[in-house]
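Residue numbers (this note's numbering): 18 to 274.
Shown next as structure tokens:
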């Protein structure tokens with residue numbers, strides 16, 4: 018479809034900067050070239066935040082995972098696993114994996130699940146007998162001889178350390194969006210995800226007379242969709258849907274010009 022409608026595909030050509038000239042977005046590519054556009058859709062996504070501990074990178078994909086699907090659940094059947102994180106994603110993974118695993122350890126830095134997790138989900142976790150929540154705890158080290166075998170954790174209040182013999186560790190500690198290349202005109206939240214639509218209510222950066230479209234950023238004619246957008250669901254299906262919606266908003270914006 019891209020070729021059919023005359024789209025120019027620049028691969029690979031990383032974008033390193035963005036500035037604005039009148040109503041145009043001017044993108045600077047890594048090689049120094051520039052591209053001017055009437056509309057811009059930011060869909061640069063986000064990377065899972067990595068645990069900065071010894072052994073993590075060595076076991077990624079073979080013991081350390083960033084998603085808990087049915088495939089990973091099968092690998093954990095009858096064994097002990099660790100989930101790191103205190104948000105809803107970590108809680109959902111804990112409840113899901115508890116159906117297959119013998120024991121699920123939920124490692125949380127805070128001392129209260131309900132500060133970052135819905136009360137309903139926290140209640141489900143408390144009522145699931147094979148889930149143990151380890152509060153005020155962080156991971157120090159991962160070990161294994163060819164295969165992931167154990168994780169060393171520490172209680173940050175008492176200083177007590179312990180080693181858990183496990184087959185898998187699931188990390189749900191957030192994501193880092195690819196937004197460092199964006200200028201100040203594009204408003205972001207505290208975690209650097211791009212604000213769009215209603216989230217821009219009262220923003221001093223929005224200068225148009227109308228309200229921003231649902232997926233429009235603080236700069237008219239610049240849109241964001243998928244994982245890079247603040248408040249998005251962070252799921253593939255949702256990202257695809259937002260991308261399709263953004264095309265409609267682009268058409269609406271171009272009608273104004």
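For each residue, glycine too, the CB sits at the ideal point set by N, CA and C.
Predicted, not measured: the structure shown is a model, and the values here were computed from it.
Note to self: Per the DSSP calculation, residue 160 is bridged to which residue(s)?
What the structure shows: 167
Notebook entry, point to check: Where does the unbroken alpha helix (DSSP H) through residue 228 begin, and where does it stop?
Noted result: Counting along the chain, residue 228 falls outside any alpha helix (DSSP H), and DSSP gives it neither H nor E.
Margin query: How far does the beta strand (DSSP E) with residue 52 in it extend, from its first residue to its last?
Written below: Note, residue 52: beta strand (DSSP E), 51-54.
Notebook entry, point to check: Around the C-beta of residue 159, are 16 or more other C-beta atoms found within 10 angstroms, so that it is buried, or is it exposed?
Noted result: Answer is buried; the Cβ neighbour count reaches 16.
Next item on the list: Measure the beta-carbon distance from residue 209 to residue 194 and round it to whole angstroms, keeping in mind my assumption that it falls under 8 Å.
Entry: Confirmed, about 5 Å.
Next item on the list: Provide the residue span of the alpha helix (DSSP H) that contains residue 144, from first to last.
Entry: 136-144
Margin query: So for residue 200, helix, strand or coil by DSSP?
Written below: coil
Margin query: I'd like to know whether the C-beta atoms of residue 150 and residue 123 end up nearer to each other than 8 Å.
Written below: yes
Margin query: Which residue wins for smallest C-alpha separation from residue 259, given the options 246, 269, 72?
Written below: 246
Next item on the list: Taking 8 Å as the cut-off, decide whether the C-beta atoms of residue 181 and residue 97 are in contact.
Entry: yes
Next item on the list: Please state whether DSSP places residue 75 in a helix, a strand or coil.
Entry: helix
Next item on the list: Report the residue from 144, 102, 165, 200 whose alpha carbon sits nearest the alpha carbon of residue 153.
Entry: 102
Check: Can you tell me where the beta strand (DSSP E) with residue 47 in it begins and where it stops?
Finding: Premise fails: residue 47 is in no beta strand (DSSP E) and is neither H nor E.
Check: Three-state secondary structure (DSSP) at residue 149?
Finding: strand
Check: My guess is that residue 285 and residue 171 are in contact by the Cβ rule of under 8 Å, so how many angstroms apart are they, rounded?
Finding: Given that the chain is displayed from residue 18 to residue 274, the structure contains no residue 285 and the question cannot be resolved.
Check: Leaving out the 5 sequence neighbours to the left and right, which residues in its chain are closer than 7 Å to residue 217 when beta-carbon positions are compared?
Finding: 204, 223, 229, 235
Next item on the list: Pull up the distance between the alpha-carbon of residue 269 and that of residue 47, whole angstroms please.
Entry: 31 Å
Next item on the list: Give the range of the beta strand (DSSP E) segment to which residue 34 is assigned.
Entry: Per DSSP, residue 34 belongs to the beta strand (DSSP E) from 32-38.
Margin query: Check this for me: beta carbons of residue 40 and residue 262, under 8 Å apart or not?
Written below: Taking 8 Å as the cut-off, the beta carbon of residue 40 is found no closer than this to the beta carbon of residue 262.
Next item on the list: Tell me, to the nearest whole angstrom, how far the beta carbon of residue 239 is from that of residue 57; I am working on the premise that it is less than 8 Å.
Entry: Right, their Cβ atoms sit about 5 Å apart.
Check: Could you give the C-beta distance for residue 110 and residue 189, rounded to a whole number, given that I count them as a contact under 8 Å?
Finding: 6 Å
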